[in-house]
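Enquirer: In the numbering used here, the protein residues as written are 52 to 498.
1. According to DSSP, simplified to helix, strand and coil, what is residue 455?
2. Given 8 Å as the limit, is there contact between the stretch 245 to 255 and the stretch 102 to 120, that is, 3 or more CB pairs closer than that?
3. Just how far apart, CA to CA, sit residue 365 and residue 87?
4. From what residue to what residue does the alpha helix (DSSP H) around residue 351 run?
5. Please report the residue range of the beta strand (DSSP E) in which residue 183 lies.
6. Along the beta strand (DSSP E) that carries residue 334, what are the first and last residues, could you check?
7. Please go through the same chain and pick out, in chain order, the residues whose beta-carbon is closer than 6 Å to the beta-carbon of residue 212, but skip the five residues on each side of it.
8. Here's the rule I'm using: 16 or more other beta-carbon atoms within 10 Å means buried, otherwise exposed. How should residue 102 be labelled?
9. Under 6 Å Cβ to Cβ from residue 120, same chain only, skipping five residues before and after it: list those, please.
10. If you count every other CB in all the chains shown that lies within 10 Å of the CB of residue 245, and 16 or more means buried, which is it?
11. For residue 59, count neighbouring Cβ atoms within 10 angstroms of its own Cβ and tell me buried if that reaches 16, exposed if not.
12. On the DSSP bridge assignment, give the partners of residue 433 in chain order.
13. At the level of alpha carbons, what is the spacing between residue 216 and residue 169?
14. My understanding is that residue 179 touches residue 69, with C-beta atoms under 8 Å, so please give their C-beta distance in whole angstroms.
15. Indicate the three-state DSSP secondary structure (helix, strand or coil) for residue 438 in the structure shown.
16. When you compare the stretch 286 to 297 with the stretch 70 to 77, are there three or more beta-carbon pairs, one atom per stretch, that lie closer than 8 Å?
17. Closest by CA to residue 461, which one among 113, 221, 339, 306?
18. Which whole-angstrom value describes the C-beta separation of residue 62 and residue 458, a residue pair presumed to lie in contact below a C-beta threshold of 8 Å?
19. With H, G and I counted as helix, E and B as strand and the rest as coil, what does DSSP make of residue 177?
20. Would you say residue 362 and residue 314 are within 8 Å of each other, going by their C-beta atoms?
21. Name the DSSP beta bridge partners of residue 362, please?
22. Can you list, in chain order, the residues of its chain whose CB lies under 6 Å from that of residue 489, leaving out five sequence neighbours each side?
23. Kindly identify the DSSP beta-bridge partner or partners of residue 111.
24. Write down the C-beta distance between residue 480 and residue 456 rounded to the nearest angstrom, noting that I regard them as a contact closer than 8 Å.
25. Does DSSP classify residue 357 as helix, strand or coil?
26. Going by beta carbon distance, what residues of the same chain come within less than 6 Å of residue 75, once the five residues before and after it are set aside?
27. When the Cα atoms are used, what is the spatial distance from residue 486 to residue 355?
Listed below in C-alpha cells is the structure:
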C-alpha cells in the first residue's frame with residue numbers, strides 16, 4: 052500500500068499513457084519489419100529536418116538516443132556502458148552514444164547482427180542506413196560514423212544550419228539558411244529514393260509535414276496551459292509524452308488524436324483548478340535532460356510540494372509559425388525545423404541575451420510560468436546540455452531574482468547521480484526560494 056500511495060503523489064494524466072505506449076510500439080514495429088524483410092533506419096534526434104521524409108517513405112525508424120533513455124529507465128544500460136568502455140570509447144562521451152555503441156558492439160561482434168536477447172522493448176534491429184545530424188553537438192555525427200563502421204551501413208549526416216542571434220537578422224541571412232536547408236532536404240530525399248529503389252510520394256510527404264506541424268501546435272498549446280496555478284501537468288508527464296512529437300513515433304493521425312485528448316484533459320484540470328500534485332508549494336523550471344534512471348526522485352520532491360511546470364527548450368515544440376503560404380513541403384519542413392531554435396531570437400536580441408536558444412528561453416519560462424526556482428541538471432557526459440547552465444543561473448538571478456539548484460548527474464550512467472544528495476539539498480533550497488519570493492515582492496515582480 053505504501054508503494055501505491057507513493058505512485059499517486061503525482062496526479063498523472065490519463066492521456067499520457069497512450070502517448071507513452073508509442074515508444075514501445077515503435078521498437079516492436081521495427082523488429083516486426085526486420086523479421087518481414089522490410090528496411091529499418093536508425094536516426095538521430097534531428098529536430099524534424101529528416102523525420103517526415105523517413106515517415107513518408109514508409110520506413111520504420113528507431114532512435115538510439117531515445118533507446119538509451121529507455122535502457123537507463125529500465126535499469127539495463129550499465130552492461131552496454133561497460134562494453135563501450137572496453138571498446139576504448141572515453142567515459143566522458145555522451146551516455147546515449149556509449150550505451151548504443153556497447154549495444155551495437157555486442158550485436159555485431161558476438162551475435163552476428165542479431166538483436167541481443169536481453170535488449171528491452173524488443174531491441175533495435177540492424178538498419179539499412181543511419182541518419183545523423185549536425186544539430187547541437189559535435190559528438191553526435193561522429194558517434195553515428197562509429198556505428199556505421201560497426202555495421203558497415205551508409206551514414207547520412209543531415210545538416211542543420213542555425214545562424215547566431217545577430218547574424219540571423221543580417222540582410223538575406225534567414226532566406227539563405229532556408230534555401231540551404233531545402234536544398235539539403237531534397238538531396239536527402241534523393242538518397243532515400245536510391246536506398247529503397249522507389250520514388251517519394253510528395254502528397255504523402257505534404258500530409259506528413261502538416262500532421263507534424265499540427266501535433267506540435269497542440270503540444271505547444273498544452274504546455275501553455277501549464278502556466279495556470281496550480282499547474283495541471285507535472286514534468287514527469289511532459290517527459291513521458293514528448294516522444295511522439297519530438298521523434299514522430301507511431302501513426303501520426305493517431306498521435307494527433309492523443310495530443311487532442313491530452314489538451315482536453317489538461318484544459319479540464321485548468322478549468323476545475325486541479326493540480327498535478329496535492330499541494331503546490333513551489334513551481335520549478337527544469338533544465339536540461341532528466342536522470343532517466345532515477346525518475347522516482349521527482350515523486351519524492353512532489354511530496355515536498357515541488358511541481359515541475361516547465362522544461363528544457365530543446366525538447367519542447369517550437370513557437371507556432373504560420374506556414375500556410377508555402378506550397379513546397381520541404382520548405383514548410385525547413386522553416387518549421389529552423390523555428391525550433393530561432394523562434395526565440397527576436398526577443399533574445401531585444402533583451403540583449405546573446406545565447407538566443409540556450410539561455411534566453413529560460414528567462415521567458417521562469418517569468419511566464421511564475422517559477423520559484425530552477426533545477427539545473429548539468430550532465431557530466433554532455434557538454435551541449437551543460438555548458439550554458441551557469442549563465443542561465445546567473446541571468447535568472449540577475450534579471451528575475453529566481454534562484455537555481457544545480458546538481459550534476461547523467462542521462463544514462465546512474466553512478467553519476469545521487470538522489471539522496473539531491474533530496475538532502477532540497478530543504479535548504481526551499482529556504483532560498485522563500486527568501487527570493489520576498490525579494491521579488493519587494494522589487495515589484497508579479498510573483
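Glycine included, each C-beta is placed from N, C-alpha and C at the ideal position.
Expert: On the basis of the data shown:
1. Look at residue 455 here: in three-state DSSP terms it is strand.
2. They touch, by the three-pair rule.
3. Going by the C-alpha atoms only, they are around 35 Å apart.
4. Boundaries of the alpha helix (DSSP H) harbouring residue 351: 347 to 354, taken from the DSSP string.
5. Counting along the chain, the beta strand (DSSP E) containing residue 183 begins and ends at 180 to 184.
6. Per DSSP, residue 334 belongs to the beta strand (DSSP E) from 333 to 338.
7. If we look at residue 212 and ignore the five residues flanking it on each side, its Cβ neighbours are 228, 231.
8. Answer is buried; the Cβ neighbour count reaches 16.
9. 343, listed in sequence order.
10. By the neighbour-count criterion, in which 16 or more other beta carbons inside 10 Å mark a residue as buried, residue 245 falls on the exposed side.
11. By the 10 Å Cβ count, residue 59 comes out exposed.
12. Paired residues: 430.
13. Spanning the two alpha carbons is a distance of roughly 46 Å.
14. Not a contact, Cβ separation roughly 30 Å.
15. Looking at residue 438 - three-state DSSP - the assignment turns out to be coil, as it is neither helix nor strand.
16. Touching, yes, given that three or more Cβ pairs across the two stretches are closer than 8 Å.
17. When each option's Cα is compared against that of residue 461, the closest is 339.
18. Contact flag wrong, Cβ pair sits at about 25 Å.
19. Coil.
20. If you check the CB distance, residue 362 and residue 314 do not come in under 8 Å.
21. Beta-bridge partners assigned by DSSP to residue 362: none are found.
22. Around residue 489, the same chain offers no residue with a beta carbon nearer than 6 Å, after the five sequence neighbours per side are excluded.
23. As DSSP reads the structure, residue 111 sits in a beta bridge with 91.
24. About 5 Å separates the CB atoms of residue 480 and residue 456; that is less than 8 Å, so the two are in contact.
25. It is a strand residue.
26. Within its own chain, the residues whose Cβ lies closer than 6 Å to the Cβ of residue 75, once the five positions on either side in sequence are excluded, are 172, listed in chain order.
27. When the Cα atoms are used, residue 486 and residue 355 turn out to be separated by approximately 17 Å.
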